[in-house]
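Below you'll find the structure, written out as structure tokens, and then a few comments.
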Amino acid sequence: MSSSFDMIKQSHVFFDDAPGLKNYYEDWATQYDVDLADQKWVAPKIAANFVHLLASAYGSPAAPATTILDAGCGTGLVGRVLSTQGNYLIDGVDLSENMAEEAAKTNAYRKVYGGVDLSTPVRDERLDDQYDIVVSSGVFTLGHVRPTALLTLIEYARPDGLIVVSTRGTYAAETGFEDFARSQEVSKVASLEFKLKDANYLAEEGADYWVFRKTGSVQ
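With the first letter of the sequence shown counted as 1, position 55 gets the number 54 in numbering that gives the first Met the number 0; the numbers rise by one all the way through.
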């Protein structure tokens, strides 16, 4: 069993322990990209391509740029892909300060902030925008956030904005993500537009990719 596989597995034990999860990623930040590449993690590329497709399909031709929030940006893998695809203004947030620093080094982001806990419903005061598209790749996985974090992402989207989320297969099964995604609590603030089932994610297993459209306010 490879060390990169072990590092990923060891990150799956921090449900409801944001400080522990943050500390784990603070230590992992400089090796993260190497470990995830070793495990054939393609989720950021798929998520970025989804965002590009949605921006192309629904974006206003008159808008100077599409605004995007990369929620749980990690080292900036989604932003790196998006920065090569179109005219995007990308902000990133992550629980880990060190991961956010790695993302900032890519120069793909307008702003990047660490110390943002997506598992809480409190909007980070440094992010005063509402975004055309909110994307979250690799956050809805074991030991990270509960399905209710989807409501936090919806709140960061502008009215009629889009939210793109990946859910690792075992995570979705163990947390009941689909039931929550289709619940009244979600449907009163967002509509489920699309679900791509069991697509590529990383070598070990696949994931579902979800697209929601904001219809109301969580608050």
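C-beta: ideal position from N, C-alpha, C; glycine also.
If you're wondering where the values come from, they're calculated on a predicted model, not measured in any experiment.
CB of residue 95 within 8 Å of CB of residue 136, strictly: Position 96 of the sequence shown, counted from the first residue, corresponds to residue 95. Position 137 of the sequence shown, counted from the first residue, corresponds to residue 136. The answer is no: Cβ separation not under 8 Å.
Terminal residues of the beta strand (DSSP E) in which residue 158 lies: Counting from one through the sequence shown, the residue named residue 158 turns up at place 159. Note, residue 158: beta strand (DSSP E), 156–167.
Distance CB(residue 108)-CB(residue 75) smaller than 8 Å: In the sequence shown, the residue the question calls residue 108 occupies position 109. In the sequence shown, the residue the question calls residue 75 occupies position 76. Result yes, Cβ atoms of residue 108 and residue 75 sit closer than 8 Å.
Short Cβ contact (8 Å threshold) for residue 128 with residue 160: By one-based count along the sequence shown, residue 128 stands at place 129. By one-based count along the sequence shown, residue 160 stands at place 161. Contact: no.
Separation of residue 207 from residue 7, as counted between CA atoms: Counted from its first residue, the sequence shown places residue 7 at position 8. Counted from its first residue, the sequence shown places residue 207 at position 208. Going from the Cα of residue 7 to the Cα of residue 207 covers about 19 Å.
Own chain, CB closer than 8 Å to residue 72, minus 5 neighbours either side, in chain order: Taking the sequence shown and counting its residues from 1, one reaches residue 72 at position 73. Result list for residue 72: 78, 91, 92, 93, 98, 99, 102, 108, 111, in chain order.
Rounded straight-line distance, which links the Cα of residue 163 to that of residue 213: For the purposes of this step, residue 213 is identified with residue 214 of the sequence shown, where counting begins at 1. For the purposes of this step, residue 163 is identified with residue 164 of the sequence shown, where counting begins at 1. In a straight line, the C-alpha of residue 213 is about 11 Å away from that of residue 163.
Beta-carbon gap between residue 180 and residue 209 smaller than 8 Å: On the sequence shown, residue 180 is found 181 positions in, with the first residue counted as 1. On the sequence shown, residue 209 is found 210 positions in, with the first residue counted as 1. Cβ atoms of residue 180 and residue 209: closer than 8 Å.
Under 8 Å between C-beta atoms of residue 68 and residue 144: Position 69 of the sequence shown, counted from the first residue, corresponds to residue 68. Position 145 of the sequence shown, counted from the first residue, corresponds to residue 144. No, they are not a contact pair.
Element boundaries [alpha helix (DSSP H), containing residue 49]: Residue numbering aside, residue 49 sits at position 50 when the sequence shown is read from its first letter. Where residue 49 is concerned, the enclosing alpha helix (DSSP H) stretches over 42–57.
Identity of the residues DSSP links to residue 91 by a beta bridge: Locating residue 91 in the sequence shown gives position 92, counting from the first residue. Paired residues: 69, 111.
Outcome for residue 0 when other beta-carbon atoms lying within 10 angstroms are tallied against a minimum of 16: Reading the sequence shown from its first residue, position 1 is the one you call residue 0. Note on residue 0: pLDDT 46, under 50, position unreliable in the model; the coordinate value appears next. The residue is exposed, with fewer than 16 neighbouring Cβ atoms inside 10 Å.
Same chain, Cβ closer than 8 Å to residue 153, five either side skipped, listed in chain order: In the sequence shown, residue 153 corresponds to position 154, counting from 1. Counting only Cβ-Cβ distances below 8 Å, and skipping sequence neighbours, we find 133, 162, 185, 188, 189, 211, 213, 217.
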